[in-house]
Amino acid sequence: MDSPFKADILKGKVALLTGGGSGIGFEIAKQFGNHGASIAIMGRRQQVLDSAVSVLQSLGIQAVGFVGDVRKMDDANRTVESTFQHFGRLDILVNGAAGNFLVSSEDLSPNGFKTVMDIDTVGTFTMCHEALKYLKKDGLGKKSSDGGGIILNISATLHYTASWYQIHVSAAKAAVDAITRNLSLEWGTDYDIRVNGIAPGPIADATGVSKLAPDEIDFQARDLVMPLFKFGEKWDIAMAAIYLASDAGKYVNGTTLVVDGGIWLSRPRYLPKDAVKQLSRVVEKRSREVPTGLPTSKL
Ligand code: COA
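This is the structure in structure tokens:
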């Protein structure tokens, strides 16, 4: 699908994306590149990074990959420094690296919980922290005419209510949203950096869906089909990212944009629709016959 944005909307910008070698992160990298940005991607697997970089380069995008794990302070530091060395500036940081799996709370070890917190939450903060000196207005590599940079944190909607078997991911993403808000306040004020998030819904062909809603689960049989349910595309998330990262979103700061077609608002109904309709008619009829609050014996 064609982009509604001008092809040069991110021209001259340098973006670093964690988890940028595959899935949603890669699509954001590709679309940022298609709109003029130079791209650095960080991930744990050399092979994945190599093939992602060669796809980006084949599209005419300036791209480089750095192997690293956001849980390791040295990797985070080295990746940010290398991105700066390579491109001479850093304008946009996208924190997309995440870990997740389905597991009930009683079967989840504290170390399993901590592992996801370390990747999603601590990893996000670490990357922001390391990137600050380049992202801030008048930071290293910035021209005096440049404003501050942009941070985008990829989140989720799981924690808006509660989600089965994802206590670790819900806790981690709730904390990511807190990071988004707090940094937007502090760094927006002090350094002209806008910090926003995106909470994707179920995206076709993305790792999150294959791990959290695997084909083995029969959603129909388990009564989990929701009225608004439909898959999104990675493109939908990338377009939201361009909006937030470009001047189109220049007045947006500290928000996490839900891009899910409204799914999180809906929940499985405990009564089938027809049963509700019938029940409602019975209740209405009764209320017309018996004034509210008056026991039948008084009539
Ligand atoms: N169910 C329950 N616990 C699990 C688990 C699962 N499916 N997978 C990992 N864990 C637990 C481990 O048991 C371990 O805890 P323990 O030491 O108490 O046994 C802890 O998590 C760390 O596991 P380990 O395999 O050493 O971690 P890792 O760093 O190699 O793997 C993960 C990281 C756990 C996030 C892994 O799922 C992963 O690499 N995923 C790919 C990235 C991803 O999920 N992306 C999703 C994008 S939406």
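Here the sequence shown stands for residues 271 to 569, numbered as in the working numbering. Backbone N, C-alpha and C fix where the C-beta goes; we use that ideal spot for every residue, glycine too. Here the structure is a predicted model, which means the values were calculated and not measured.
Extent of the continuous beta strand (DSSP E) run through residue i
{"i": "Phe336", "result": "333-337"}
{"i": "Leu286", "result": "284-288"}
{"i": "Ile449", "result": "Premise fails: Ile449 lies in the alpha helix (DSSP H), 437-461, not in any beta strand (DSSP E)."}
{"i": "Arg464", "result": "464-470"}
{"i": "Val522", "result": "From DSSP, Val522 is part of no beta strand (DSSP E); its letter is neither H nor E."}
{"i": "Val364", "result": "362-365"}
Span of the alpha helix (DSSP H), counted from its first residue to its last, around residue i
{"i": "Thr394", "result": "393-405"}
{"i": "Met509", "result": "504-515"}
{"i": "Ser415", "result": "Per DSSP, Ser415 belongs to no alpha helix (DSSP H) and is neither H nor E."}
{"i": "Ile473", "result": "It is not in any alpha helix (DSSP H) - Ile473 carries neither H nor E in the DSSP assignment."}
{"i": "Leu319", "result": "316-328"}
{"i": "Ala299", "result": "293-304"}
{"i": "Ala545", "result": "543-559"}
{"i": "Ala346", "result": "343-357"}
Residue i burial status per 10 Å Cβ neighbour count (16 or more: buried)
{"i": "Trp434", "result": "exposed"}
{"i": "Gly404", "result": "Checking the sequence shown, residue 404 turns out to be Tyr, not Gly. Buried is the call here."}
{"i": "Gly282", "result": "exposed"}
{"i": "Ser379", "result": "exposed"}
{"i": "Met509", "result": "buried"}
{"i": "Ser454", "result": "buried"}
{"i": "Met343", "result": "exposed"}
{"i": "Tyr513", "result": "buried"}
{"i": "Lys276", "result": "exposed"}
{"i": "Thr459", "result": "exposed"}
{"i": "Ser292", "result": "buried"}
{"i": "Arg558", "result": "exposed"}
{"i": "Asp447", "result": "buried"}
{"i": "Lys384", "result": "exposed"}
{"i": "Ser440", "result": "buried"}
{"i": "Thr427", "result": "buried"}
{"i": "Ala474", "result": "exposed"}
{"i": "Leu280", "result": "buried"}
{"i": "Ala476", "result": "buried"}
Heavy atom of the ligand COA within 7 Å of residue i beta-carbon
{"i": "Asn347", "result": "no"}
{"i": "Val373", "result": "yes"}
{"i": "Ser440", "result": "no"}
{"i": "Leu363", "result": "no"}
{"i": "Ile389", "result": "yes"}
{"i": "Leu378", "result": "yes"}
{"i": "Lys413", "result": "no"}
{"i": "Thr385", "result": "yes"}
{"i": "Asn423", "result": "no"}
{"i": "Thr394", "result": "no"}
{"i": "Thr477", "result": "yes"}
{"i": "Ala368", "result": "yes"}
{"i": "Lys481", "result": "yes"}
{"i": "Gly471", "result": "no"}
{"i": "Gly382", "result": "yes"}
Whole-number beta carbon distance between residue j and residue i, since they are thought to touch under 8 Å
{"i": "Gly471", "j": "Val529", "result": "7 Å"}
{"i": "Phe395", "j": "Ile362", "result": "Not really, about 17 Å apart at Cβ, beyond 8 Å."}
{"i": "Ile424", "j": "Ile294", "result": "7 Å"}
{"i": "Ile298", "j": "Ala333", "result": "Not confirmed; about 13 Å, so no contact."}
{"i": "Ile311", "j": "Val323", "result": "7 Å"}
{"i": "Asp462", "j": "Gly411", "result": "Not confirmed; about 15 Å, so no contact."}
{"i": "Leu287", "j": "Gly366", "result": "6 Å"}
{"i": "Asp390", "j": "Lys443", "result": "6 Å"}
{"i": "Ile420", "j": "Ala518", "result": "Ile420 to Ala518, Cβ: 12 Å. No contact."}
{"i": "Asn347", "j": "Glu400", "result": "5 Å"}
Residue i and residue j closer than 8 Å at C-beta
{"i": "Val364", "j": "Ala511", "result": "yes"}
{"i": "Asp272", "j": "Gly306", "result": "no"}
{"i": "Val392", "j": "Gly369", "result": "no"}
{"i": "Arg315", "j": "Asp388", "result": "no"}
{"i": "Leu360", "j": "Val465", "result": "no"}
{"i": "Ala469", "j": "Leu527", "result": "yes"}
{"i": "Leu482", "j": "Leu549", "result": "no"}
{"i": "Leu319", "j": "Gly303", "result": "no"}
{"i": "Asp345", "j": "Gly335", "result": "no"}
{"i": "His438", "j": "Gly382", "result": "yes"}
Residue i Cβ short of 7 Å to the ligand ATP heavy atom set
{"i": "Ala322", "result": "The ligand ATP is absent from the structure shown, which contains only the ligand COA."}
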